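Visitor:
2 protein chains.
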Amino acid sequence: MHASTAVAADPLPSWRDRASRQAIVAFVEKVTARGSGEYVEEAERIAVFDNDGTLWSEAPMPVQMDFVLHELKRRAPQEPELASDPMVQAALAGDFDALMAGQSHAGLLRVLQLTHTGMTTDDFRRRVRAWAAQYRHPRFGAGLAAVTYTPMRELLDYLRNNGFTTYIVSGGGADFMRAFAQELYGVPPEQVIGSTTDTEFVLADGVAALRKTSERMFIDDKLAKPVGIHERIGRRPVMAVGNSDGDQAMLEYTTLGNPHPSLGVLVHHTDARREYAYDASPPVSGRLANALAVAPSRGWIVVDMAADWSNVLHPH
Amino acid sequence: MHASTAVAADPLPSWRDRASRQAIVAFVEKVTARGSGEYVEEAERIAVFDNDGTLWSEAPMPVQMDFVLHELKRRAPQEPELASDPMVQAALAGDFDALMAGQSHAGLLRVLQLTHTGMTTDDFRRRVRAWAAQYRHPRFGAGLAAVTYTPMRELLDYLRNNGFTTYIVSGGGADFMRAFAQELYGVPPEQVIGSTTDTEFVLADGVAALRKTSERMFIDDKLAKPVGIHERIGRRPVMAVGNSDGDQAMLEYTTLGNPHPSLGVLVHHTDARREYAYDASPPVSGRLANALAVAPSRGWIVVDMAADWSNVLHPH
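Quick mapping for you: the protein sequence lines, in order, are chains A and B. Taken in order, the first sequence gives residues 1 to 316; the numbers are from this note's numbering. Taken in order, the second sequence gives residues 317 to 632; the numbers are from this note's numbering.
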């Protein structure tokens, strides 16, 4: 009876009692202990999380790409112009090399534009939710929850229960993630920071709406992550969690020159059996090389997925 | 004793018992009454407020312009290049016509660039706070609080006490307002939406910082207000409060086509004795003409400052 109560009370049951867990718990206990000298008031307890590869799996391809393909397949039969676009044809044929070609990945941007702009924000949300309802990971099965990491969902809850505000800061589309971030992660729309383009205000037949355009693109990745954080939060986070070189600047902004105590965490994908194993050569995106190399000198925690997590994917 | 208790319990003591107050209270009571059919859950109780002319006075000139002049005066003696700029000379001579000339107000943008970019966000915040500490309104006296409207501060508190989240959505600079919005309005940095430019991530001597640049300017006014609201909040507000045509699109986005009950409020400056009286011909900015004309058909509340408010400026 006592033992099971103790287990139930563990806020991080999927984290083995190893260095990563110990460092996270020590940090949270330190910044929440009044009079500890390292106490951080609640309003400043900002924790930022990457999404792809950090909160959910980004293999064998980023989840958002599944939405792109779903939309292209759904629309191509009724939209000849869309169906005849060479990049749509490349996407539907699974030719990701064609989409990713060139420095600016013009093919990828083209199919993103075709599937993410031109409709109102309300319509877009409905499309994402319709897609999400039928999503199935090729290996892990049905539902978006099936690709999320249980230890990370526990960590989000643990931080919020300790007065932290948890933000997603991802290269993924903000409007895309907002359609399910509350449900999956307990993160409301206003705490989702991601890639954006401008919307356009339209007022017709007594209804005001915002139409998604391709203008003023903001890609919330690499050096732009701290930029997005400042623009949207206006405070320096005290904790940052990522898994790739795209998160390095965000971790640096959080941990270098912060007047508050801070913690940087990198998730290292070491578990081919339960999820995937990669770092410098990821399946599609999520390269981890430079950030891993500087982690020791920066004092960042590196989570060894295989060793540190007793559960990986969320039960569904 | 009983009478004074009743007065102390009034959440809006500076609002006279007239139509404006009654409409606001009726709206708040309706959306917070479970089972009312018009109940709005807390997470969706988003209220957005313009700042200049809505939360504080924008006459005889916008407060942020005082910061610009203060910085130019402070720096000109040490910075010959800055001092020799024709637009700096126009500003220091009080020639606002020169600054506002042309469709794009190039002179104004020039002095804003000189005073709002080139430094880190931390440095900028220190400069704003140093200026704020010595600020004095030419008519109302010392301190930023002296130009804020007591009824609006009461309204912000009243809404928050009823589960609303209150955002500032202003054409003013986001970083500028964030330096004092918590203190003046109880609005934390992450709930301040304003005009922005990009920052640039810099890492030097083991310290990460963000340097303010002139790139990718976003002017959070007029049709861009709903755009900023969606980008930053990702939800449609249920209440919007403004005072000028620059707020019209924000009020339309809030009240036209909203699946929730909604309320639009315009402050009409009718009180030359206690503050200022203007609408279509404002001192510098804050023109109210078209929004006032459409208010009745939109069902928006128009606050008559002279008649509706028993107090105007905050005691200091």
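Built from N, CA and C at the ideal position, the CB exists for glycine as well. Please read these numbers as outputs of a predicted model, since none were measured by experiment.
At the level of alpha carbons, what is the spacing between R262 of chain A and A588 of chain B?
Guide: The residue asked about is misnamed: residue 262 of chain A is Ser in this sequence, not Arg. One C-alpha to the other measures close to 51 Å.
Visitor: Thinking C-alpha only, which one of B:Y465, B:A525, B:I549 is nearest G510 of chain B?
Guide: Checking every option, the nearest Cα to that of G510 of chain B belongs to B:I549.
Visitor: In angstroms, rounded to a whole number, what distance separates the CA positions of N161 of chain A and P237 of chain A?
Guide: For N161 of chain A and P237 of chain A, the distance between alpha carbons rounds to 17 Å.
Visitor: Answer yes or no: do A174 of chain A and T150 of chain A have a C-beta to C-beta separation smaller than 8 Å?
Guide: Result no, Cβ atoms of A174 of chain A and T150 of chain A do not sit closer than 8 Å.
Visitor: Return no unless some Cβ of chain A is closer than 8 Å to the Cβ of R548 of chain B.
Guide: Yes - at least one Cβ of chain A is within 8 Å of the one on R548 of chain B.
Visitor: Using CA atoms only, rank isn't needed, just tell me which of A:H314, A:G171, A:P189 is closest to Q64 of chain A.
Guide: Checking every option, the nearest Cα to that of Q64 of chain A belongs to A:G171.
Visitor: Tell me whether K538 of chain B sits in a helix, a strand or coil according to DSSP, three-state version.
Guide: K538 of chain B: coil per DSSP, three-state reduction.
Visitor: Which bits of chain B does L109 of chain A rub up against, with CB to CB less than 9 Å?
Guide: Ordered by position in chain B, no residue passes the 9 Å Cβ test against L109 of chain A, which lies about 18 Å from the chain.
Visitor: Tell me which same chain residues have a C-beta within less than 8 Å of the C-beta of M1 of chain A, skipping the five on either side of it?
Guide: The predicted position of M1 of chain A is uncertain, since its pLDDT is 43 and thus under 50; no value can be drawn from it.
Visitor: Between L572 of chain B and chain A, is there a C-beta pair that is closer than 8 Å?
Guide: Cβ-Cβ to chain A under 8 Å: yes for L572 of chain B.
Visitor: Sort out for me which residues DSSP pairs I484 of chain B with in a bridge.
Guide: I484 of chain B pairs with B:F365, B:V508.
Visitor: Inspect the beta-carbon positions of D303 of chain A and V265 of chain A and report whether they are closer than 8 Å.
Guide: It should be pointed out that residue 303 of chain A corresponds to Val in this sequence rather than to Asp. It is a contact, given that the beta carbons lie within the stated cut-off.
Visitor: Closer than 8 Å is the cut-off here; do at least three beta carbon pairs connect the segment 558-568 of chain B with the segment 598-610 of chain B?
Guide: Contact between the segment 558-568 of chain B and the segment 598-610 of chain B is present, because at least three Cβ pairs lie under 8 Å.
Visitor: What residue range does the alpha helix (DSSP H) around I549 of chain B cover?
Guide: Segment: none, I549 of chain B is in no alpha helix (DSSP H) and carries neither H nor E.
Visitor: Sorted by chain position, which residues of the same chain lie with C-beta nearer than 7 Å to M217 of chain A's C-beta, five sequence neighbours on each side aside?
Guide: Excluding residues within five positions, the ones whose Cβ falls inside 7 Å are T197.
Visitor: Under 7 Å from any heavy atom of the ligand ZN, does the C-beta of D326 of chain B make it?
Guide: As far as ligands go, the structure on display features none, and thus does not contain the ligand ZN.
Visitor: Given this structure, state the Cα-to-Cα distance separating P13 of chain A from E154 of chain A, to the nearest angstrom.
Guide: For P13 of chain A and E154 of chain A, the distance between alpha carbons rounds to 8 Å.
Visitor: Consider the Cβ of E506 of chain B: report whether some Cβ of chain A lies at a distance smaller than 8 Å.
Guide: Closer than 8 Å to some Cβ of chain A, the Cβ of E506 of chain B qualifies, so yes.
Visitor: Across which residues does DSSP place G423 of chain B in a beta bridge pair?
Guide: Partner(s): none; G423 of chain B has no beta bridge.
Visitor: Apart from the five residues just before and just after N51 of chain A, which ones in its own chain have a Cβ nearer than 7 Å to its Cβ?
Guide: Cβ neighbours of N51 of chain A beyond the five flanking positions: I168, S170, G172, M177.
Visitor: Evaluate the contact criterion for the segment 208-225 of chain A versus the segment 24-37 of chain A: three or more CB pairs, one atom per stretch, below 8 Å.
Guide: No, the segment 208-225 of chain A does not touch the segment 24-37 of chain A.
Visitor: Can you list the residues of chain B that Y253 of chain A reaches, using a CB-CB cut of under 9 Å?
Guide: Simply F517, L519, A524, A525, L526.
Visitor: Quick one: Cα of T348 of chain B to Cα of R334 of chain B, how far?
Guide: Their backbone Cα atoms lie some 21 Å apart in a straight line.
Visitor: Which runs of the beta strand (DSSP E), 3 residues or longer, sit entirely within the segment 337-418 of chain B?
Guide: You should have 362-365.
Visitor: Please state if the CB of Y474 of chain B and the CB of L371 of chain B are separated by a distance shorter than 8 Å.
Guide: The answer is no: Cβ separation not under 8 Å.
Visitor: Identify whether R452 of chain B lies in helix, strand or coil by the three-state DSSP scheme.
Guide: Three-state DSSP puts R452 of chain B in a strand.
Visitor: If W447 of chain B sits next to F517 of chain B, beta carbons under 8 Å apart, how far is it from one beta carbon to the other, in whole angstroms?
Guide: About 26 Å; that fails the 8 Å criterion.
Visitor: Does chain A have any CB closer than 8 Å to the CB of T437 of chain B?
Guide: Closer than 8 Å: yes.
Visitor: Is the shortest distance between the beta-carbon of R136 of chain A and the beta-carbons of chain B less than 8 Å?
Guide: Not an interface residue.
Visitor: Suppose the cutoff is 6 Å on Cβ atoms and the five residues either side in sequence are ignored; what does the same chain contact list for D308 of chain A look like?
Guide: The answer, listed in chain order, is R16, R18, S20.
Visitor: Using a Cβ-Cβ distance under 8 Å, would I617 of chain B count as near chain A?
Guide: For I617 of chain B, the answer is no, since every Cβ of chain A falls outside 8 Å of its Cβ.
Visitor: If we define contact as Cβ-Cβ less than 8 Å, is V227 of chain A a contact residue for chain B?
Guide: Output row for V227 of chain A: interface = yes.
Visitor: D205 of chain A: buried (16+ other C-beta within 10 angstroms of its C-beta) or exposed?
Guide: That one is exposed.
Visitor: Pull up the distance between the alpha-carbon of A495 of chain B and that of A525 of chain B, whole angstroms please.
Guide: So the alpha carbons of these two residues sit roughly 17 Å apart.
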